[in-house]
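In the working numbering, the protein residues as written are 504 to 1296. Notes follow the structure.
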Amino acid sequence: MQKYNPSEVEKKWQEKWQNEELYKVDLSDSSKPKYYNLVMFPYPSGDKLHVGHWYNYAPADSWGRYMRMKGFHVFEPMGFDSFGLPAENYAIKTGVHPAESIAHNTETMAKQLSRIGVMYDWEKSVTTSTPEYYKWTQWLFLQMYNNSLSYKKKGLVNWCEDCQTVLANEQVQDGKCERSGTDVIQKPLEQWYWKITDYSQRLLDGLEGLDWPEKTKLMQQHWIGRSEGAEVEFEVGDEKIVVFTTRPDTLFGATYMVLAPEHPLVDAIVTGNQKDAVEAYKNEVAGKSELQRSELEKDKSGVFTGAYAKNPINGEDVPIWIADYVLMSYGTGAIMAVPGHDERDFAFAKKYEIAIKEVVKGGNVEEEPFTEPGEAVNSDFLNGLKTAEAKKKMISWLEENGKGKGLVNYRLRDWLISRQRYWGAPIPIVYDPEGKAHPIPEEHLPWLLPTDVEFKPKGTSPLAQSKELIERTEKIFGEGWRPEVDTMDTFVCSSFYYLRYLAGGSDDTFVDPELEKEWMPVDMYIGGPEHACMHLIYARFVYMALKDFGFVSHDEPFQRLVHQGLVTKDGAKMSKSKGNVVSPDEFVEKYGSDVFRMYLMFMGPFTDGGDWNDQGITGIARFVERFYGLMTSETEVKDEDAAMRAVHGTIKRVTQDIEKLQFNTAIAALMELTNGAGKTGLSLDQKKMIVRLIAPLAPHLAEEIWEQLGQKESIFNTSWPEYNEALTVSSTITLAVQVNGKLRGQVEAEANITEDAAIESAMQLENVQKYLEGKEIVKKIYVPGKIVGFVVK
RNA sequence: GCCGAGGUGGCGGAACAGGCAGACGCGCAGGACUUAAAAUCCUGUAGUAGCAAUACUGUGCGGGUUCGAUCCCCGCCCUCGGCACCA
504 MQKYNPSEVE KKWQEKWQNE ELYKVDLSDS SKPKYYNLVM FPYPSGDKLH
554 VGHWYNYAPA DSWGRYMRMK GFHVFEPMGF DSFGLPAENY AIKTGVHPAE
604 SIAHNTETMA KQLSRIGVMY DWEKSVTTST PEYYKWTQWL FLQMYNNSLS
654 YKKKGLVNWC EDCQTVLANE QVQDGKCERS GTDVIQKPLE QWYWKITDYS
704 QRLLDGLEGL DWPEKTKLMQ QHWIGRSEGA EVEFEVGDEK IVVFTTRPDT
754 LFGATYMVLA PEHPLVDAIV TGNQKDAVEA YKNEVAGKSE LQRSELEKDK
804 SGVFTGAYAK NPINGEDVPI WIADYVLMSY GTGAIMAVPG HDERDFAFAK
854 KYEIAIKEVV KGGNVEEEPF TEPGEAVNSD FLNGLKTAEA KKKMISWLEE
904 NGKGKGLVNY RLRDWLISRQ RYWGAPIPIV YDPEGKAHPI PEEHLPWLLP
954 TDVEFKPKGT SPLAQSKELI ERTEKIFGEG WRPEVDTMDT FVCSSFYYLR
1004 YLAGGSDDTF VDPELEKEWM PVDMYIGGPE HACMHLIYAR FVYMALKDFG
1054 FVSHDEPFQR LVHQGLVTKD GAKMSKSKGN VVSPDEFVEK YGSDVFRMYL
1104 MFMGPFTDGG DWNDQGITGI ARFVERFYGL MTSETEVKDE DAAMRAVHGT
1154 IKRVTQDIEK LQFNTAIAAL MELTNGAGKT GLSLDQKKMI VRLIAPLAPH
1204 LAEEIWEQLG QKESIFNTSW PEYNEALTVS STITLAVQVN GKLRGQVEAE
1254 ANITEDAAIE SAMQLENVQK YLEGKEIVKK IYVPGKIVGF VVK
């Protein structure tokens, strides 16, 4: 028996695959059904690939190989998401220009990825920081601009002091910066936004038809946050305050109003004697971060403005307060407060001794707020109506009397895409001498990122220092014209890369319309769950917008989505700063890529991840050695029927397990087969079926055995073995025999045994007799192939 | 606080759709080979009692439905992920 030499064999096949261009895909070939197998592209950091990368890419590749053998035309591209802070921070530290380090890193990373033995078609790769790519990032901006989905607005924005830039809402997690973990503060700045809110409903509706984890859909639903209700207008002298409410039925119970401290009407309505108190409160709130504000959640605070508004339904005067429990960023920044039927309003009203009025029957509003639906009371024409009915009737009244209307409100905010950083795609905008913004005509794209700047950010974009950029701007547009100096959020770059893979290798078209029609949507998209409310929502929005602009043809970009699990070390996420990053190198060198990849897949279900531990890797190494020995040595067929049944049973199990991405049990099935094959022996034809089963999981090993079995063509150009259902079960079965639900014995029988015969032979068992003796059998149970049961009294 | 997922041997994890809990692997114990070790192979391995046949207990905790529950129902506890004053 010859020994398996992984490093030699893997090198041999990787070279062969490359020389024969086995993984080069002709996108225009439609002789087979297409399958777009996509994995989220990585950031090309200077560090080596770690276990987490392998855990992500190797199984994703195994899936692609399986689909290829199933007869699909599989496209498996790979690229690099190379704009962004790590390269820029590295440049600040070392002085090396990001373009230089990125070029170096992408090259080494591609090499490391190839060591896994993945079937990427590198010819169609993209790198987002190259002018050939960001030209299209800028083109996308122009499309958004020309279609009124891009606008500039001044307002309070999220600011990360550590990253020295603004952040989108999605990039603030738990009040902290998603990247650096620094507390996010609010700053008033003028910034560029994309109108993702125009797509709120479509983003919500589209989820329904997607084969995505329910959890991810739910997270997006929650993020978009649809709520149905009404807008109601309250008059304050000559001014109007508009509020949004989901409970228009409680309008009769609105005993006060609250404006967010930042609300623009506050200064207009505040009365003389309350001015100082209001001003002091506003300053106090402005000094708090989002995090501090939410920490003080329990203890509500606020100040009376001295002004009163008129409740449109009954003409009563209601006092207007300001309080930071009302957020400027949601609804209209103002609420009608119904303390009898809302927890927050109740707590506030109790603290400041404001009247509480019951308008829905069912609780005791003096003691606690009643927030459930119920029957309207003290509400004039609504009295006696159930909440749902009362809502409808109130909305009709508001609309008839011009005091408001039914309205759907969303939690989703527009996407802030400006960044005050160097290493990103420049926003293709210039300002005329009056300061008015103009889009840069498409012919000037790519609008190059200047190089004559200091990288270190000082709160304004580094691009502002570039002489070259200003000269360029004046030369093209005229004296006194100034360039926009902010760059775009890197999530813009990654919102369309899956389309650039389909550009047919051209830098002159955004995407080939024919190829887009054929290859989109992505059939399988694999990536981390952390992108649920960032990349995955942006990409859907951009794709939908592009459809409206006429550049793409489907409704959604990613048909099926799977999140790989997270691999931790000692329970913590691997990171350089924690120093717990595990490198695959020593394992790959010792055992080979196939063993390492299979070990990762054998750890547990792909979607679970787990804590890294190298203890079990020897088990896979042993298995590979035994498998190789078994397949490449002469074996005598001892039990033809048993061997055939074992092989067909294994084909079925492996096929079904891989379909569910449960590689762990697929490997277990192959181990069982290997363990049993010593007894039964295997024919050459049977071996050829088994090798194909392991091919997606251990591609080099499979190719090597395939060749040794006398095959000339790559195993990945052969088809997946089929099983014969009749042969997937053993010819004999073991029935468990239970008395009153307790296991009392076993019966060996032919698989086709009749119910009567099974019960008869079960009754003969000595141990069963013991429990039946002197008892009356009240029920006999037979579950074919599994159980014979007796119920006795 | 709200939403979601989960809790199974010493460890990673199996178990179609209510039907033999613990597949497969690691580890561990014993044995074979070896001067010895490593590697490899064989046997055993949830707990308790027993030489054994076997019996009892056992899938976070407490109840329930059922001939039979890791699986279904009710009430808790814990862990993880997300959202967090969303009107």
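By construction, the Cβ of each residue, glycine as well, lies at the ideal position given by its N, Cα and C atoms.
**OP:** Return the residue from the list Gln-694, Val-1098, Tyr-696 and Lys-679 that minimises the CA-CA distance to Ile-688.
**Re:** Against the first sequence, residue 688 aligns to sequence position 185. Nearest C-alpha to Ile-688: Lys-679.
**OP:** To the nearest angstrom, report how far apart Val-512 and Tyr-1131 are at their CA atoms.
**Re:** To locate residue 512, count along the first sequence from 1; it is residue 9. To locate residue 1131, count along the first sequence from 1; it is residue 628. Val-512 and Tyr-1131: Cα-Cα distance of roughly 12 Å.
Subject >> Beta-carbon proximity of Val-660 to Leu-830, cut-off 9 Å >> reply: Taking the first sequence and counting its residues from 1, one reaches residue 660 at position 157. Taking the first sequence and counting its residues from 1, one reaches residue 830 at position 327. No, these two residues do not count as a Cβ contact at 9 Å.
Original post:
Which value, in whole angstroms, describes the spacing of the CA atoms of Ala-891 and Val-1286?
Top reply: In the first sequence, residue 891 corresponds to position 388, counting from 1. In the first sequence, residue 1286 corresponds to position 783, counting from 1. If you take the alpha carbons of Ala-891 and Val-1286, they lie about 50 Å apart.
Original post:
What do you get for Thr-1235, buried or exposed, if any count of 16 or more other CB atoms within 10 angstroms of its CB means buried?
Top reply: Counting from one through the first sequence, the residue named residue 1235 turns up at place 732. With fewer than 16 Cβ atoms within 10 Å of its Cβ, Thr-1235 is classed as exposed.
**OP:** My understanding is that Lys-908 touches Leu-901, with C-beta atoms under 8 Å, so please give their C-beta distance in whole angstroms.
**Re:** Numbered from its first residue, the first sequence carries residue 908 at position 405. Numbered from its first residue, the first sequence carries residue 901 at position 398. Lys-908 to Leu-901, Cβ: 6 Å. Contact.
Subject >> Collapsed DSSP secondary structure at Pro-751 in the structure displayed >> reply: Along the first sequence, read from residue 1 onward, the residue named residue 751 stands at position 248. The answer is helix: DSSP assigns Pro-751 an H, G or I state.
Original post:
Can you give the Cα-Cα distance for Thr-1255 and Glu-523, rounded to whole angstroms?
Top reply: Taking the first sequence and counting its residues from 1, the one referred to as residue 1255 is at position 752. Taking the first sequence and counting its residues from 1, the one referred to as residue 523 is at position 20. First, the amino acid is wrong: residue 1255 is Asn here, not Thr. If you take the alpha carbons of Asn-1255 and Glu-523, they lie about 51 Å apart.
Subject >> Distance between Trp-557 and Val-746 (C-alpha atoms, nearest Å) >> reply: Here residue 746 corresponds to residue number 243 of the first sequence, with the count starting at 1. Here residue 557 corresponds to residue number 54 of the first sequence, with the count starting at 1. Cα-Cα distance, rounded: 51 Å.
Original post:
Residues in its own chain within less than 6 Å of Val-1098 by CB, not counting five upstream and five downstream?
Top reply: By 1-based counting over the first sequence, the position of residue 1098 is 595. Counting only Cβ-Cβ distances below 6 Å, and skipping sequence neighbours, we find Ile-1123, Ala-1124 and Val-1127.
Original post:
Closest to Asn-814 by CA distance: which of Leu-951, Val-1291, Phe-544 and Ala-840 is it?
Top reply: The sequence position of residue 814 within the first sequence is 311, counting from 1. Nearest of Leu-951, Val-1291, Phe-544 and Ala-840 to Asn-814, Cα basis: Ala-840.
Subject >> Pairwise C-alpha distance: Gly-1082 and Trp-1209 >> reply: As a working mapping, residue 1209 is identified with position 706 in the first sequence. As a working mapping, residue 1082 is identified with position 579 in the first sequence. Roughly 42 Å separates the two Cα atoms.
Subject >> Integer Cβ distance of Gly-756 from Lys-860, believed to fall under 8 Å >> reply: In the first sequence, counting from the first residue as 1, residue 756 sits at position 253. In the first sequence, counting from the first residue as 1, residue 860 sits at position 357. With a Cβ gap of about 5 Å, Gly-756 and Lys-860 count as contacting.
**OP:** Inspect the beta-carbon positions of Leu-1100 and Ala-561 and report whether they are closer than 9 Å.
**Re:** As a position in the first sequence, residue 1100 is number 597, starting the count at 1. As a position in the first sequence, residue 561 is number 58, starting the count at 1. For the sequence presented, residue 1100 should be read as Arg rather than Leu. Yes, the Cβ-Cβ distance between Arg-1100 and Ala-561 is below 9 Å.
**OP:** Apply the 10 Å Cβ neighbour rule to Phe-467 and answer buried if 16 or more other Cβ atoms are within range, or exposed otherwise.
**Re:** As displayed, the chain neither begins before 504 nor continues past 1296, which places residue 467 out of reach and without an answer.
Original post:
Is Thr-808 buried or exposed, if buried means 16 or more other CB atoms sit within 10 Å of its CB?
Top reply: Translated into positions along the first sequence, residue 808 becomes position 305. Thr-808 is buried by the Cβ-count criterion.
Subject >> Uninterrupted alpha helix (DSSP H) stretches inside the region 939-984 (no shorter than 4 residues) >> reply: 970-980
**OP:** Less than 8 Å between the CB atoms is what I'm expecting for Gln-723 and Ala-1035, so what's the real figure, rounded?
**Re:** Here residue 723 refers to the residue found at position 220 when the first sequence is read from its first residue. Here residue 1035 refers to the residue found at position 532 when the first sequence is read from its first residue. Confirmed, about 6 Å.
Subject >> Close Cβ partners of Pro-876 (< 8 Å) along its chain, the five nearest in sequence each way excluded >> reply: By one-based count along the first sequence, residue 876 stands at place 373. Result list for Pro-876: Val-863, Lys-889, Thr-890 and Ala-891, in chain order.
Original post:
Bridge partners of Leu-616, per DSSP?
Top reply: On the first sequence, residue 616 is found 113 positions in, with the first residue counted as 1. According to DSSP, which records beta bridges pairwise, Leu-616 is partnered with nothing at all.
Original post:
Looking only at its own chain, which residues have a Cβ that is under 6 Å from the Cβ of Leu-692, when we skip the five neighbours before and after it?
Top reply: The residue labelled residue 692 in the question sits at position 189 within the first sequence. Within the same chain, Leu-692 has close Cβ partners Val-660.
Original post:
For the putative contact between His-553 and Val-1085, defined by C-beta atoms under 8 Å, what is the C-beta separation to the nearest angstrom?
Top reply: Against the first sequence, residue 553 aligns to sequence position 50. Against the first sequence, residue 1085 aligns to sequence position 582. Their Cβ separation, rounded to whole angstroms, is 6 Å, which keeps His-553 and Val-1085 in contact under 8 Å.
Subject >> His-576: first and last residue of the uninterrupted beta strand (DSSP E) it sits in >> reply: Stepping through the first sequence from its first residue, residue 576 is reached at position 73. Start and end: 576-578.
Original post:
Taking just the CA atoms, how far does Glu-1059 sit from Ile-744?
Top reply: Taking the first residue of the first sequence as position 1, residue 744 is located at position 241. Taking the first residue of the first sequence as position 1, residue 1059 is located at position 556. So the alpha carbons of these two residues sit roughly 39 Å apart.
Original post:
Is Met-1047 near Gly-709, with beta carbons less than 9 Å apart?
Top reply: Here the question's residue 1047 lines up with position 544 in the first sequence. Here the question's residue 709 lines up with position 206 in the first sequence. Yes, the pair counts as a contact, with Cβ atoms nearer than the cut-off.
Original post:
Could you give the distance in angstroms between the alpha-carbon of Gln-704 and the alpha-carbon of Leu-951?
Top reply: Counting from 1 along the first sequence, the entry for residue 704 is found at position 201. Counting from 1 along the first sequence, the entry for residue 951 is found at position 448. Roughly 36 Å separates the two Cα atoms.
**OP:** Report buried or exposed for Ser-1096, applying the criterion of at least 16 other Cβ atoms within 10 angstroms of its Cβ.
**Re:** Position 593 of the first sequence, counted from the start, is the residue given in the question as residue 1096. By the neighbour-count rule (16 or more Cβ atoms within 10 Å), Ser-1096 is buried.
Subject >> Nearest neighbour of Trp-1115, chosen from Glu-946, Ala-1146 and Val-1070 [CA to CA] >> reply: Sequence index remark: in the first sequence, residue 1115 carries index 612 (1-based). Measuring from the Cα of Trp-1115, the nearest candidate turns out to be Val-1070.
Original post:
Does the distance from the CB of Phe-1166 to the CB of Phe-1090 come in under 9 Å?
Top reply: Stepping through the first sequence from its first residue, residue 1166 is reached at position 663. Stepping through the first sequence from its first residue, residue 1090 is reached at position 587. Contact: no.
Original post:
Within 10 angstroms of its Cβ, does Val-621 collect 16 or more other Cβ (buried), or is it exposed?
Top reply: On the first sequence, residue 621 is found 118 positions in, with the first residue counted as 1. Buried, because 16 or more other Cβ atoms sit within 10 Å of the Cβ of Val-621.
Original post:
Gln-521: buried (16+ other C-beta within 10 angstroms of its C-beta) or exposed?
Top reply: Reading the first sequence from its first residue, position 18 is the one you call residue 521. Per the 10 Å Cβ criterion, exposed.
**OP:** Classify Gln-1189 as helix, strand or coil using the three-state DSSP reduction.
**Re:** Taking the first sequence and counting its residues from 1, the one referred to as residue 1189 is at position 686. Residue state, collapsed to three classes: helix.
Subject >> Of the listed residues Lys-1079, Val-739 and Glu-591, nearest to Glu-819 (C-alpha basis) >> reply: As a position in the first sequence, residue 819 is number 316, starting the count at 1. Glu-819 has its Cα closest to that of Val-739, out of Lys-1079, Val-739 and Glu-591.
Original post:
According to DSSP, is Phe-1061 helix, strand or coil?
Top reply: Looking up residue 1061 in the first sequence gives position 558. Phe-1061 falls in the strand class under three-state DSSP.
Original post:
What residue range is occupied by the uninterrupted alpha helix (DSSP H) comprising Gly-1030?
Top reply: Mapped onto the first sequence, residue 1030 falls at position 527. That residue, Gly-1030, is in no alpha helix (DSSP H); it is neither H nor E in DSSP.
Original post:
Expressed to the nearest angstrom, what Euclidean distance is found between the alpha-carbon atoms of Tyr-1094 and Pro-509?
Top reply: On the first sequence, position 591 is the one that residue 1094 refers to. On the first sequence, position 6 is the one that residue 509 refers to. When rounded, the distance between both Cα atoms is 7 Å.
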